[in-house]
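Chains as they are written, first to last, in our numbering: chain A, 1 to 136; chain B, 1001 to 1136; chain C, 2001 to 2136; chain D, 3001 to 3136.
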């Protein structure tokens, strides 16, 4: 694993947009080594039958922050596992923010934790994922 | 907890469409007591920088099958936790299918497992979630 | 759900010992509403073939701190799900400490997070669990 | 990664005993490439305050089957993550059996699923873990 691989990823994320980001409307607010902050507005089309935001949308937001955080240190790398706890419902019109922090960055594997909060700072979800560094 | 609550949900899912389903393009192929099968085409906008399908999309598909399976027995209920393993990458143009089966249906909590496969039957992901029954 | 149920549990844990605690040699160092700290010495019999502490022992320590933390608020309750990340190996002779904090305490479900550290303050594992409140 | 590394592990487990196995009283009933079956009697000292088997004991049994299954294909390897669902309580005197099957065996990472059942074939727990192959 070479050094500086993460820096290239950070530069890439600051200057380019992923297809999935455009589709979901996620915005990378901040990214640095081992950290990322991504936000997203909860559109009406994200709601399920209960009138609350669909879990998959919250996981998508958390996953993007996760991916940014782990790749900012070791790039390229791929998530192998992702676990989410849904603590409070989110609603249409909410602006959710996901903050991810790497808690382990090894030669082969990284682990990062994510907090998803709403515009009032209320904790909506917590997530943790495992990321495998891809050898080039 | 009343009996037959799940039957009302099954009827609802057979006759109505959720906002999130229209947005993501998911289709409920099959739903019965404790089981659901949902499919989804992998559009170009679902890809990330690596050119593979974004993890959040796969989790969304798995989550919808999960939600259908657990609510088909106890309705209404809400996911509190969802864990996914990404086993093989999915690509643009793939048609993924998620099958969810309830493995525990208690008075307060349900657990269901999900397999996500592609059009060739290859296992793309496995997921398991915890669901809390909401008392009316 | 009655108030004060957790207080009875705290009193119980301060004055009595569980069979499993005696067997494993765990010690409840601190317990208060929504929080618990449990420590345990890594005996030679806890090692696996690699000469490091067996994962199940670390999960047992984390699980006990988790159980104390969630029951200190709502008692009786039972774990339905427990997820652990092993970040650094632990060795024979280490004294590990698990600290658990409840991050959600609802009417039906609680979620708590656990940090396991060694005698040097190094993070050995992180865990999160889901707990269901048992109605009396 | 060399071939045949798992075979050496299988031979090792058939002829030797780990310290932790002696301590917990686990018995490897069967081990082959990508599969392991481990059983364990639930002694009185494994019970918690509720009079049911402590979750950490069930996770220990599942973890040992998991470790045997993944190392039977790629050895040495180490668990980085382990997630357990507790579906039914186990009691003193029960004999629990954990069966683990590898569902992904990659160059860098393996994933295996575990079922824990009691002497009546009742499903007590399900678990899944992520395992990192250690390069020699």
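Even glycine gets a Cβ: it sits at the ideal position worked out from N, Cα and C.
**Item:** Nearest-angstrom beta carbon gap, residue 2088 (chain C) and residue 2122 (chain C) [assumed within contact, 8 Å]
**Value:** 6 Å
**Asked** Is residue 2070 (chain C) helix, strand or coil when you go by DSSP?
**Response** helix
**Prompt:** Roughly how many angstroms separate the alpha carbons of residue 1044 (chain B) and residue 3105 (chain D), rounded to a whole number?
**Reply:** 29 Å
**Item:** Members of the region 2076-2095 of chain C that neighbour chain E once the beta carbon cut-off is set at 7 Å
**Value:** The question asks about chain E, but that chain is absent: this structure's protein chains are A, B, C and D.
**Message:** Going by C-alpha to C-alpha distance, which of D:3051, D:3053, D:3030 sits closest to residue 3064 (chain D)?
**Reply:** D:3030
**Request:** Consider the Cβ of residue 1132 (chain B): report whether some Cβ of chain C lies at a distance smaller than 8 Å.
**Result:** yes
**Nearest residue (CA-CA) to residue 3024 (chain D), options C:2041, C:2100, C:2060** = For the residues C:2041, C:2100, C:2060, the minimum Cα distance to residue 3024 (chain D) belongs to C:2060.
**Request:** Count the other CB atoms, across all protein chains shown, that sit within 10 Å of the CB of residue 1126 (chain B); report buried if there are 16 or more and exposed otherwise.
**Result:** buried
**Prompt:** Are the region 3100-3115 of chain D and the region 3064-3078 of chain D touching, with three or more C-beta to C-beta distances below 8 Å?
**Reply:** By the Cβ test, the region 3100-3115 of chain D is in contact with the region 3064-3078 of chain D, since at least three Cβ pairs between them sit closer than 8 Å.
**Message:** Would residue 1042 (chain B) and residue 1093 (chain B) qualify as a contact pair, given that the criterion is a beta-carbon distance under 8 Å?
**Reply:** yes
**Request:** List the whole-angstrom C-beta distance separating residue 2072 (chain C) from residue 2133 (chain C), where the pair is believed to meet the contact cut-off of C-beta under 8 Å.
**Result:** Between residue 2133 (chain C) and residue 2072 (chain C) the Cβ distance is about 13 Å, and since that is not below 8 Å, they are no contact.
**Item:** Proximity of residue 2006 (chain C) and residue 2079 (chain C) at Cβ, strictly below 8 Å
**Value:** no
**Asked** Can you name the residues of chain B whose CB is closer than 7 Å to the CB of residue 2108 (chain C)?
**Response** 1108, 1132
**Prompt:** Among B:1053, B:1026, B:1012, which one has its Cα closest to the Cα of residue 1032 (chain B)?
**Reply:** B:1012
**Prompt:** Within the 8 Å Cβ cut-off, does residue 2038 (chain C) reach chain A?
**Reply:** No - not a single Cβ of chain A is within 8 Å of the one on residue 2038 (chain C).
**Prompt:** Do residue 3034 (chain D) and residue 3101 (chain D) come within 8 Å of each other at the CB atom, strictly closer than that value?
**Reply:** yes
**Message:** Considering only their Cβ atoms, is the gap separating residue 1086 (chain B) from residue 1057 (chain B) smaller than 8 Å?
**Reply:** no
**Message:** Considering just the uninterrupted stretch of the beta strand (DSSP E) at residue 3007 (chain D), what are its terminal residues?
**Reply:** Residue 3007 (chain D) -> not in any beta strand (DSSP E); alpha helix (DSSP H) instead, spanning 3005-3015.
**Message:** Here's the rule: buried if 16 or more other CB atoms are within 10 angstroms of the residue's CB, otherwise exposed. What is residue 75 (chain A)?
**Reply:** buried
**Residue range of the alpha helix (DSSP H) that includes residue 1049 (chain B)** = Looking at the DSSP string, residue 1049 (chain B) is not in any alpha helix (DSSP H), and its letter there is neither H nor E.
**Request:** Assign residue 3051 (chain D) to buried or exposed, taking buried as 16 or more other Cβ atoms, counted over all protein chains shown, within 10 Å of its Cβ.
**Result:** With fewer than 16 Cβ atoms within 10 Å of its Cβ, residue 3051 (chain D) is classed as exposed.
**Asked** Shorter than 8 Å from the beta carbon of residue 1124 (chain B) to some beta carbon of chain D?
**Response** no
**Request:** Report back the beta-carbon spacing between residue 3139 (chain D) and residue 3048 (chain D) to the nearest angstrom; my notes put them in contact at under 8 Å.
**Result:** Outside the shown range of chain D, which is 3001 to 3136, sits residue 3139 (chain D), and nothing can be said about it.
**Item:** Nonlocal neighbours in the same chain, by C-beta distance under 7 Å from residue 3009 (chain D), ignoring five residues either side
**Value:** 3071, 3072, 3075
**Request:** Tell me, please, which residues DSSP counts as bridged to residue 36 (chain A).
**Result:** According to DSSP, residue 36 (chain A) bridges with A:31, A:100.
**Message:** Taking the straight line between their C-alpha atoms, what separation do you get for residue 3096 (chain D) and residue 2015 (chain C)?
**Reply:** Rounded to the nearest angstrom, the two C-alpha atoms are 31 Å apart.
**Asked** Excluding the five sequence neighbours on either side, which residues of its own chain have a C-beta within less than 7 Å of the C-beta of residue 1081 (chain B), listed in chain order?
**Response** 1129, 1130
**Asked** According to DSSP, is residue 2086 (chain C) helix, strand or coil?
**Response** strand
**Message:** Taking 8 Å as the threshold (C-beta atoms), are residue 17 (chain A) and residue 3083 (chain D) in contact?
**Reply:** no
**Message:** Please report the distance separating the alpha-carbon of residue 55 (chain A) from that of residue 98 (chain A).
**Reply:** 14 Å
**Cβ shell of residue 3022 (chain D) (< 7 Å), same chain only, five flanking positions each side left out** = none
**Residues bridged to residue 2041 (chain C) (per DSSP)** = C:2095
**Item:** Nonlocal neighbours in the same chain, by C-beta distance under 7 Å from residue 124 (chain A), ignoring five residues either side
**Value:** 58, 87, 88, 90, 96, 116, 117, 118
**Request:** Tell me, please, which residues DSSP counts as bridged to residue 2081 (chain C).
**Result:** C:2130, D:3085
**Prompt:** Expressed to the nearest angstrom, what Euclidean distance is found between the alpha-carbon atoms of residue 2028 (chain C) and residue 1053 (chain B)?
**Reply:** 46 Å
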